[in-house]
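Asker:
Residue numbers (the working numbering): 37 to 369.
Right, here's the structure in full:
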């Protein structure tokens with residue numbers, strides 16, 4: 037069956053703290069592990085009050101220490117902010133502590149505003165050629181150390197941490213194909229080039245020592261509850277959150293509301309609905325139909341489920357319903 041995995045942004049809910057968000061992420065990972073999800077990924081964002089996973093490697097360690105089997109990783113680390121050696125050492129350390137359970141997804145987007153991006157990238161090379169060059173350098177740090185190698189990742193060398201490329205455009209799809217790496221598309225917030233990127237990745241894939249065949253995953257927002265109406269209400273937290281971000285006022289994840297009417301303009305409504313047009317929102321029956329349609333249309337090898345839900349109990353229940361749907365559907369690769 038197609039594996040289901042989890043993408044969590046460690047959202048800080050209104051009325052909660054950063055510590056609460058990090059503990060809730062760990063609780064969700066433990067829940068996902070019991071439900072049979074394959075991976076639990078966290079993402080790097082900066083200068084965003086509502087997201088607690090800026091120090092992504094640290095949060096991965098926190099989550100991995102509280103689980104036993106589920107793979108834990110980055111979805112992703114924004115490599116232009118970091119020297120490849122530093123990331124190799126961080127994830128080499130995680131792999132040494134939690135062998136066979138660590139993933140490293142890499143993105144080239146800033147994951148923040150321009151001012152913060154400049155602060156993070158001080159002294160970094162942000163040219164067009166820097167990202168592919170840095171990816172190759174990072175891959176080499178995980179190879180076994182060579183005699184006379186001047187710079188080694190310690191720990192890291194020889195640990196072969198799985199590296200994914202992440203993207204929301206054709207660029208990363210093409211790079212993943214040329215390097216023979218697995219590819220994950222960010223359709224949870226940037227769905228416009230989903231099918232084109234997947235087709236490009238599959239069509240141009242070059243076999244490598246890492247993969248002999250292309251392996252594609254797509255992120256999908258799924259908000260599940262006992263009824264369609266209850267799920268739609270949960271979804272309003274993410275809609276409000278994104279609306280505030282678009283207005284230049286990022287904040288904590290808001291509590292859900294009964295209706296978004298009066299909270300957005302017509303143009304804002306159209307923009308939010310466009311960004312989240314792949315979202316599957318509803319009861320188990322609705323979610324089943326939505327997931328089946330998405331997987332059939334895209335042909336993805338794995339589904340990365342995400343849900344920014346204000347109430348922790350409702351969030352745990354949503355992922356439980358999705359797991360039940362997966363078992364009921366028995367989606368095939």
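C-beta atoms are modelled at their ideal positions from N, C-alpha and C, and glycine is treated no differently.
Classify residue 78: buried if its beta carbon has 16 or more other beta carbons within 10 angstroms, exposed otherwise.
Answerer: The residue given as residue 78 occupies position 42 in the chain shown. Buried, by the Cβ-count rule.
Asker: Report buried or exposed for residue 321, applying the criterion of at least 16 other Cβ atoms within 10 angstroms of its Cβ.
Answerer: Sequence index remark: in the chain shown, residue 321 carries index 285 (1-based). Exposed.
Asker: Please report the Cβ distance between residue 88 and residue 54, rounded to the nearest whole angstrom; I am assuming they are in contact, meaning their Cβ atoms lie under 8 Å.
Answerer: In the chain shown, counting from the first residue as 1, residue 88 sits at position 52. In the chain shown, counting from the first residue as 1, residue 54 sits at position 18. With a Cβ gap of about 5 Å, residue 88 and residue 54 count as contacting.
Asker: With three or more beta-carbon pairs closer than 8 Å as the criterion, would you say the stretch 270–279 touches the stretch 292–306?
Answerer: Yes, they touch.
Asker: In the DSSP assignment, find the beta strand (DSSP E) that holds residue 129 and state where it starts and stops.
Answerer: Position 93 of the chain shown, counting from 1, holds the residue named residue 129. Counting along the chain, residue 129 falls outside any beta strand (DSSP E), though it belongs to the alpha helix (DSSP H) covering 120–133.
Asker: Among 260, 340, 284 and 318, whose alpha-carbon lies nearest the alpha-carbon of residue 356?
Answerer: On the chain shown, position 320 is the one that residue 356 refers to. Comparing Cα-Cα distances from residue 356 to each of 260, 340, 284 and 318, the minimum goes to 260.
Asker: Distance, Cα to Cα, residue 117 vs residue 239?
Answerer: Along the chain shown, one-based indexing puts residue 117 at 81. Along the chain shown, one-based indexing puts residue 239 at 203. Distance between the alpha carbons of residue 117 and residue 239 is about 30 Å.
Asker: Cβ atoms of residue 115 and residue 142: under 7 Å apart, would you say?
Answerer: As a position in the chain shown, residue 142 is number 106, starting the count at 1. As a position in the chain shown, residue 115 is number 79, starting the count at 1. Cβ distance < 7 Å, so residue 142 and residue 115 count as in contact.
Asker: Would the stretch 96–114 count as touching the stretch 57–68 if we require 3 or more Cβ pairs under 8 Å?
Answerer: Result yes; three or more Cβ-Cβ pairs closer than 8 Å.
Asker: Judging by CA-CA distance, which residue of 191, 192, 180 and 169 is the nearest neighbour of residue 208?
Answerer: Here the question's residue 208 lines up with position 172 in the chain shown. The option with the nearest alpha carbon to residue 208 is 169.
Asker: Using a Cβ distance threshold of 8 Å, determine whether the stretch 302–314 contacts the stretch 198–218, with at least three qualifying pairs required.
Answerer: No, the stretch 302–314 does not touch the stretch 198–218.
Asker: Do the stretch 251–267 and the stretch 213–220 touch if we need at least three Cβ pairs shorter than 8 Å?
Answerer: Taking 8 Å as the limit for Cβ pairs, the verdict is that the stretch 213–220 does touch the stretch 251–267.
Asker: Take residue 279 and list the residues in its own chain whose beta-carbon comes closer than 8 Å to its own, dropping the five residues that flank it on each side.
Answerer: As a first step, residue 279 is located in the chain shown; it is residue number 243 there, counting from the start. These residues qualify, in order along the chain: 299, 300, 304 and 308.
Asker: When the Cα atoms are used, what is the spatial distance from residue 39 to residue 325?
Answerer: Within the chain shown, the letter at position 3 stands for residue 39. Within the chain shown, the letter at position 289 stands for residue 325. Taking the straight line joining both Cα atoms gives about 17 Å.
Asker: Between the Cα of residue 193 and the Cα atoms of 334, 58, 241 and 179, which residue gives the shortest distance?
Answerer: Here the question's residue 193 lines up with position 157 in the chain shown. Comparing Cα positions, the closest option is 179.
Asker: State the start and end residues of the unbroken beta strand (DSSP E) segment that holds residue 339.
Answerer: What you label residue 339 is simply residue 303 of the chain shown in a count that begins at 1. Taken as a continuous stretch (DSSP letters only), the beta strand (DSSP E) holding residue 339 covers 338–342.
Asker: Let me check understanding here. Comparing Cα to Cα, which of 44, 49, 45 and 37 lies closest to residue 287?
Answerer: On the chain shown, position 251 is the one that residue 287 refers to. If we check each option's Cα against that of residue 287, 49 comes out closest.
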